[in-house]
Structure formats: structure tokens, C-alpha cells
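Working notes for the structure below.
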Amino acid sequence: MIYRTVDSGQLEAFVRVARAGRLGPVAAELFLTQPALTARLQRLEREVGGPLFTRSRRGMRLTPAGRAFLPYAERTLETIGEGARLVGDLTAAGGGALVIGAPPAISTYLLPGLLRDLTARAPEMELSVRGGHSDEVLEMVVRDEVQVGLIRELSHPELVTERVYEDELVLVCARGHRLALRGTVTVEQLADERLILFDRRSSFADTALTLFQRARLRPRAYLEMDNSEAAASMVEEGLGIALLPRTAIGRALADGSLVELHLLDTPPITRPVALVYRRDTPLSAPAEAFLELARGLSAR
7 MIYRTVDSGQ LEAFVRVARA GRLGPVAAEL FLTQPALTAR LQRLEREVGG PLFTRSRRGM
67 RLTPAGRAFL PYAERTLETI GEGARLVGDL TAAGGGALVI GAPPAISTYL LPGLLRDLTA
127 RAPEMELSVR GGHSDEVLEM VVRDEVQVGL IRELSHPELV TERVYEDELV LVCARGHRLA
187 LRGTVTVEQL ADERLILFDR RSSFADTALT LFQRARLRPR AYLEMDNSEA AASMVEEGLG
247 IALLPRTAIG RALADGSLVE LHLLDTPPIT RPVALVYRRD TPLSAPAEAF LELARGLSAR
């Protein structure tokens, strides 16, 4: 039998009266009249199929059926309360489900810290990360395949593009490289070097090549890798120089396995990183929480 009309109000009234043994105090606590409270208990008794209380001048006493039913009613109320608290916590903390799109370099170096902080707020959140180049992630957002993208700065009429971070690109060589002791170099001094590129479809490769093109120079040779980690490893082995995101090589710079080269008469080279999300779709609580954290990237 399915008890479709038993509700939490009836169960709460039953549990409170069972504990108090009297109608008056419980009616006051629930802001009910005693007749209304009695009617609520009677509806519950009809639904479960038998009397739960015996009524006397001394108050309300549980019947054997009432004593048997009491722990089930208490557990049901506890479960409802736990569920309501969980929903409230998830909503407040940005819980639920979130699908994010990001290119490989951002997924590897920027996303982990953001997702760590996000899951600390809402441990029950379901997260999914879709990979692709920035232009591919942009299209994922347009097609509603992901809720938010974190990409190099691109625009689309259907999307909001919100810059949140400036990723500095750093020219590096191995610590045993002939340029390592100089510290400061000119683009012309790099012309005899092998340039290590990664991911020719990314903006990183374009930026590195543009640096030489503006000086009307060509590197002696190229070595192409498919990701920044592999490119950094090649540089460490002395196979060439590379322009790499500082976020990707912070540890290697700190331990000295890579050496930063400062380009003379060249301003810092940065690449904007932006959030993209649909202009016409309200953001979910999980997406709002992620955006809030991503907006703080510059302060990290």
C-alpha cells in the first residue's frame, strides 16, 4: 500500500505529541488550535490504518501500534530534514552539476586550483571538463554543450566574454644554454636558435612566431610539440628556446631547470584569458560560483 496523503506536517504533529504526551503545548508550538491538531492526527491514523494514541484525562499515550510507528516517523522527518539541508547547502555553495570547457593548457594549470576551491565549497557538486582549442570551446558554449568556457579571449554575438586573467608568456632556455647567463637578450640574438613551439593551432604558437616576424627574422629551425609540458621538457634538454606560459613553468623556473630570458626593448607578452557564457541563458548556481572564483584569478 502506498500512503500518498501522509505528509511531513502529520508526522511532525505525531512525533511532537508522542514526546509531549499532551495536545496543548504542541498545538501552540505548531500555531494550531487543538481541534486542528486533533484532526491532523486523526487523518494520519486513518492513513496508516489504526489508532496511534489512547486519549484520557491524563493526556495522550501511544498505543502499541503508535510505539512501533514512532521510530519510522522520526527517521522520515530526519531524512526530509537532511535532504532539505543538502539542497540548501548545494544551492548556496554553487552545488549541483557544472560542465566547463577549456583548452589543454588552461585545464592543466589554471583549472585545478579553481576546481579545488569550488569543490571545497560544495563537495557534492558533479563536475565535468570538456577539452578543445579555444575556438572549439567557444562553439561548445554556443551549442549549450558546456555552461561556461575558460579560454583565450574570443568574442561571439551570442556570448558574454569576460576577461579574468592575463597569462604572461616567458621566453626560456635550459640552465646550461649559452644564453642563460646573459639574462637579457635581443630578438636578433635568438635568430640562430631552434624555436620550440607547441600546439600550432593555439595562440601561443602565433605569438612566438609574430615576435620573430616583427623583427623580420626567422628562427634557425623549429621543433613542434603538441603540449606545453613536452615543450618545456625539450627546452630543459637544451634542444632550443620557447615562449611558454608562466603558469605552466613556475616550478621549473623556481628550481632553476629553466632560465627566463628578458627580451630587450620588448614589453611583457601577455595573453588574455576570458570566461565565456551564453548571453540569453540565466546562469545556474554552480556556474555563478565558478565565475566568482575565476574572477579572482588575477589575485592568486
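Start counting at 1 in the sequence shown, then tack on 6, and there's your number in my numbering.
Where a beta carbon is used, it is the ideal one built from N, C-alpha and C, also for glycine.
Here the structure is a predicted model, which means the values were calculated and not measured.
Asked, Found
"Straight-line gap, A186 to E242 (C-alpha atoms, nearest Å)", "12 Å"
"In DSSP terms, what H268 is bridged to", "T190"
"R284 - containing beta strand (DSSP E), residue span", "275-284"
"Residues that DSSP places opposite R67 in a beta bridge", "T60"
"T190 versus L267, P251, A128, E199, residue with shortest Cα-Cα distance", "L267"
"Given R169 as reference, the closest of V176, G155, C179, V178 once Cα atoms are compared", "G155"
"Candidates R277, L299, E194, G256: closest to D271 by CA position", "E194"
"Limits of the unbroken alpha helix (DSSP H) element including V147", "140-148"
"Rounded straight-line distance, which links the Cα of P278 to that of R188", "29 Å"
"Own chain, CB closer than 8 Å to I247, minus 5 neighbours either side, in chain order", "L177, V178, C179, H183, L185, L196, E199, R200, L201, I202, V241, L267"
"CB of G102 within 8 Å of CB of M131, strictly", "yes"
"S62 versus A291 - alpha carbon distance", "52 Å"
"CB of L29 within 8 Å of CB of V23, strictly", "yes"
"Residue span of the alpha helix (DSSP H) that contains P110, given as start and end", "110-115"
"C-beta atoms of H139 and V148 nearer than 8 Å", "no"
"Buried or exposed (CB count within 10 angstroms, at least 16 for buried), S14", "exposed"
"Pick from F37, F59, T167, R181 that is closest to P70, judged by C-alpha positions", "F59"
"Within 8 Å, strictly: CB atoms of Y78 and L165", "no"
"Assumed close pair V135, I157 - CB separation to whole angstroms, cut-off 8 Å", "With a Cβ gap of about 13 Å, V135 and I157 do not count as contacting."
"A280 versus P274: straight-line alpha-carbon distance, rounded", "19 Å"
"Backbone CA spacing between T44 and G56 [nearest angstrom]", "15 Å"
"L250 in three-state terms, based on DSSP", "strand"
"T213 - partner residues in DSSP beta bridges", "According to DSSP, which records beta bridges pairwise, T213 is partnered with nothing at all."
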